[in-house]
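Structure record follows, encoded as structure tokens.
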Amino acid sequence: MLLGAPGVGKGTQAELLSERFGACHLSTGDVFRAAKSLNDAERSPAMSAALDFMRRGDLVPDETVLEMVRERVGCLQCQGGFLLDGFPRTVAQAKALQTILHEHDLELDAVVSYELPIAEVVSRLSGRRTCPKCKAVYHVTARPPRQADVCDQCGGTLVQREDDRPASVRVRMEAYEKSTAPLAEFYRQQGRLVPVLAEGSPEQIFERTISALAK
Ligand code: AMP
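For reference, each letter of the sequence shown is one residue, going 1 to 215 in our numbering.
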């Protein structure tokens, strides 16, 4: 499981880690973003409400998130293992996850907690650009694409996520401090927490993660 503030680089690390280990990458944020492209008739009322929470930067209610994770429980049973990114985000979700894992005879190997000062997190979020087609992630100064606003991998036009705009970023950081930060203590008490400094390039952070997991 990957923990850490929004913008700390969990998504990028999740991609690198799932490539290395062949694990199934489950990102609840990606699932909600995918639901955005469905039309109203294809979207359940709970999902439409979830998208309103997301737009504002608020957390989606636990019940909706858990229903979605339960629908994807096959991902947790992948042969190469699973990698959770952006879930759980509240202690209630973490407790429900324990039940789901227990029901399927699965266990969490480690909880990687990416750590970075808040000012740096805010700068990463506001400069982040993503490709809506292939999900590649860039940063206007720290990881720019070869050609401005064009994805190196698929040629798609890069966009700023709605919830990376300043008003939503403020709400997201508050939600993180209040609801998600306490999860580090929850997993520290279980002896599963692996703290990793999230400074430097994605490759450096990846190498740091691998060494921390090997200890
Ligand atoms: P992310 O891409 O992980 O930063 O998620 C984007 C947004 O999706 C968050 O700001 C929330 O609105 C929503 N979201 C994603 N995962 C969760 C979760 N586990 N619990 C509540 N809301 C979530």
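No residue lacks a Cβ here, since even glycine has one placed at the ideal position from N, Cα and C.
Can you give the Cα-Cα distance for residue i and residue j, rounded to whole angstroms?
i, j, result
"A110", "F206", "15 Å"
"D62", "R72", "15 Å"
"L59", "A92", "13 Å"
"K215", "T90", "27 Å"
"C151", "F21", "25 Å"
"E174", "S126", "16 Å"
"S211", "H139", "26 Å"
"K133", "C154", "8 Å"
"V196", "L2", "10 Å"
"R33", "P117", "27 Å"
"T64", "C78", "23 Å"
"T180", "E103", "24 Å"
"T130", "E162", "11 Å"
"V69", "L76", "9 Å"
I'd like to confirm the pairing. Which residues does DSSP put opposite residue i in its beta bridges?
i, result
"T99", "Answer is none; T99 lacks a bridge partner."
"T216", "The requested residue 216 is not part of the displayed model; the chain covers only 1 to 215."
"H139", "R128 and R143"
"Y187", "DSSP output for Y187 lists no bridge partner at all."
"F82", "C24"
"T157", "V150"
"P195", "S113"
Got a sec, what are the start and stop residues for the beta strand (DSSP E) residue i sits in?
i, result
"V73", "No beta strand (DSSP E) holds V73; the alpha helix (DSSP H) holding it covers V73 to L76."
"L26", "C24 to S27"
"S37", "Taken as a continuous stretch (DSSP letters only), S37 belongs to no beta strand (DSSP E), as it is neither H nor E."
Return the first residue and the last residue of the alpha helix (DSSP H) that residue i is part of.
i, result
"R20", "K10 to F21"
"S201", "S201 -> no alpha helix (DSSP H), and no H or E assigned at all."
"L125", "I118 to G127"
"V112", "Unbroken run through V112 is the beta strand (DSSP E), V111 to E115; no alpha helix (DSSP H)."
"P45", "P45 to R56"
"A175", "P166 to A175"
Is any beta-carbon of chain D found at less than 9 Å from that of residue i?
i, result
"R170", "Chain labels in this structure do not include chain D; a single protein chain is all it has."
The stretch 43 to 53 touching the stretch 105 to 125, judged by at least three CB pairs closer than 8 Å: no
Inter-stretch contact (C-beta, 8 Å, three-pair minimum) for the stretch 75 to 89 and the stretch 8 to 16: yes
Contact between the stretch 93 to 108 and the stretch 139 to 151 (3+ Cβ pairs under 8 Å): no
contact_flag[the stretch 145 to 159, the stretch 11 to 28] where n(CB pairs < 8 Å) is 3 or more: Not touching, per the Cβ criterion.
Three or more C-beta pairs below 8 Å linking the stretch 155 to 173 and the stretch 183 to 191: no
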